[in-house]
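Enquirer: Read in order, the letters of the sequence shown correspond to residues 1 to 147 in full-length UniProt numbering.
What follows is a single structure, and I will ask about it in a moment.
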Amino acid sequence: MCDLGKSGVARDRLVLFCGKDCYIVLNAFPYTSGHLMVVPYHHAGTFSEQSQSTLSEMMYLLKHAEKILFDEYQPTGFNMGVNVGRTAGAGIPGHLHSHLLPRWDGDTNFMTSIHEVRVLPESLLMTYDRLLPAFSRVPQMDVCVQK
């Protein structure tokens, strides 16, 4: 997970954006179309183990991602979350990352699946191709953060 974004934006790895401290990647097992993650490069499992600049960039990128997903998919809401530790449901324990999922009225429970299969209206690569132009316009974060 740490190295996934270090080689830059790449369709084969579903990496949409690479910042100074974090990158944005589509979830390979999405609950909804547009389900993405903001992932720090630094391998640490808790907020307290991440630098302030990393945490600031995470929020900066979540803000831009929310706007892009809203513009592209017109959801009526979002789920945003972080699971810290295996007990809390972290799929990648030891590596803090944030999920952002668009939601729509009437989509019921996005966590449901039938026989471990979810039906989505577009493939991951279609989602990637749809979102990449907007993410290519996101400016790098340029603020001074006290460490």
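A virtual CB, placed ideally from N, CA and C, is assigned to each residue, including glycine.
None of the values given here were measured: they were computed from a predicted structure.
Asp60 by DSSP, collapsed to three states: which one?
Expert: According to the sequence shown, residue 60 is Tyr rather than Asp. Reduced to three states, the DSSP call for Tyr60 is helix.
Enquirer: Give me the Cβ distance between Arg103 and Thr32, rounded to the nearest whole Å; I'm assuming they're in contact under 8 Å.
Expert: Between Thr32 and Arg103 the Cβ distance is about 7 Å, and since that is below 8 Å, they are a contact.
Enquirer: Flag this pair as yes or no: are the beta carbons of Lys20 and Glu66 separated by less than 8 Å?
Expert: Taking 8 Å as the Cβ cut-off, Lys20 and Glu66 do not qualify as a contacting pair.
Enquirer: Using beta-carbon positions only, say whether Arg11 and Leu100 come within less than 8 Å of one another.
Expert: For Arg11 and Leu100, no; Cβs fall outside 8 Å.
Enquirer: Tell me which same chain residues have a C-beta within less than 7 Å of the C-beta of Gln50, skipping the five on either side of it?
Expert: Contacts found: Pro40, His42, Ala44 and Leu96.
Enquirer: Which residues does DSSP pair with Ala10 in a beta bridge?
Expert: Beta-bridge pairing links Ala10 to Val15.
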